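Residue numbers (our numbering): -10 to 236.
Beta carbons: idealized from backbone N, C-alpha and C, even for Gly.
Remember, it's a predicted structure, so these values are computed and weren't measured experimentally.
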C-alpha cells in the first residue's frame, strides 16, 4: 500500500515538474520562429522603402521562404496547444507577431484545465531606422547639440572637447621648475600620487588645468576617457554644465 502511494506521488510530482518545462520549451520554439519571420519581414520592408539599396534577386528567396501565420503556427504546434491564434501586424515602423493559446494541463488542477499563454515578438521595420535620419533638411528641426562627459566626473557635461578639464594637451618641463608653482585654477603643483615622479627628474609632464605633474604622459591619472551624448539627454540625466566651458 505504501509502495503504491509512493509511486503515485512520484508520478504526480513528475507531471507537475514536466508540465512547465514542456510549456517553456514550446514557447521557446515559437519565439525563435516568430523572430525569424520578423527578421525577413524587416528586410522586405527595407527593400520596399529603399529599392535601390537591395537587388530584386536578393528579395525573391525571402518572399518564397516567408511562411503565412497558419503555416508558421502549424510548424511548432502540438496537442498541448488549445485555441491557438497567431497574428502578424504592422503599426508605423514596428512589426509585431503575437501568439495566444491555452496550454493544456495533463489533469485538472484547482479547477483549471489549461494555462493561458501569450508570446509577443517585435522588430522595427527598415532594419532599425532610416539610414539618413541624421541628415537635416531645411524643413527639419535643427541638429541637436552634442556635449562631452568624462568618466572622471560623469555628473558634469562639457560643451567643448577642448575644455581644459577633459583635454590632454601635455606640457613638459623639469620637475624642480614646476614643483610648488601656483596652478592656473587654484592650488599648487605637486607630484602625482599614481606614478610618483622624482623631484629631481629632468622632465615631467602636466596639463594646463591640472595640479599634478607626472613622470610619463601614459600615467593612468592623465588619461581622460570621454563619451559623447546630446545636451537634452545630459540634462535629463541630472548632469550640470562645466564651470569653465558650460557658461
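Three-state secondary structure assigned by DSSP to residue i
| i | result |
| --- | --- |
| residue 79 | strand |
| residue 100 | coil |
| residue 9 | helix |
| residue 95 | strand |
| residue 185 | coil |
| residue 20 | helix |
| residue 28 | helix |
| residue 201 | strand |
| residue 223 | helix |
| residue 210 | helix |
Limits of the alpha helix (DSSP H) - the one that residue i falls within
| i | result |
| --- | --- |
| residue 142 | Run containing residue 142: none in the alpha helix (DSSP H); it sits in the beta strand (DSSP E), 142 to 147. |
| residue 59 | 58 to 63 |
Classification of residue i by the beta-carbon crowding that lies within 10 angstroms, buried from 16 upward
| i | result |
| --- | --- |
| residue 175 | exposed |
| residue 155 | buried |
| residue 97 | exposed |
| residue 229 | exposed |
| residue 61 | buried |
| residue 169 | exposed |
| residue 283 | Only positions -10 to 236 of the chain appear in this structure, which leaves residue 283 out of reach. |
| residue 180 | buried |
| residue 186 | buried |
Range of the contiguous beta strand (DSSP E) that encloses residue i
| i | result |
| --- | --- |
| residue 138 | 135 to 139 |
| residue 160 | 159 to 162 |
| residue 216 | 215 to 219 |
Strand pairing of residue i, partner residues [DSSP]
| i | result |
| --- | --- |
| residue 111 | 85 |
| residue 193 | 162 |
| residue -4 | Answer by DSSP bridge pairing: none, since residue -4 is not bridged. |
| residue 265 | Any question about residue 265 goes unanswered here, given that the chain covers just -10 to 236. |
| residue 241 | Given a span of -10 to 236 for the chain in the structure shown, any question on residue 241 remains unanswerable. |
| residue 71 | 91 |
Requested in this report: Would you check if the region 81 to 95 and the region 15 to 30 touch, i.e. whether three or more CB-CB distances between them fall below 8 Å?
Outcome: As far as the Cβ criterion goes, the region 15 to 30 touches the region 81 to 95, which means the pair count is three or higher.
Query raised in the report: Should the region 6 to 22 be regarded as contacting the region 102 to 110, the criterion being three or more beta carbon pairs within less than 8 Å?
Result: Short answer: they touch.
Query - the region 146 to 164 / the region 215 to 233 touching (three or more Cβ pairs under 8 Å) - result: yes
Query raised in the report: Would you say the region 156 to 166 touches the region 189 to 196, given that touching needs at least three Cβ pairs under 8 Å?
Result: yes
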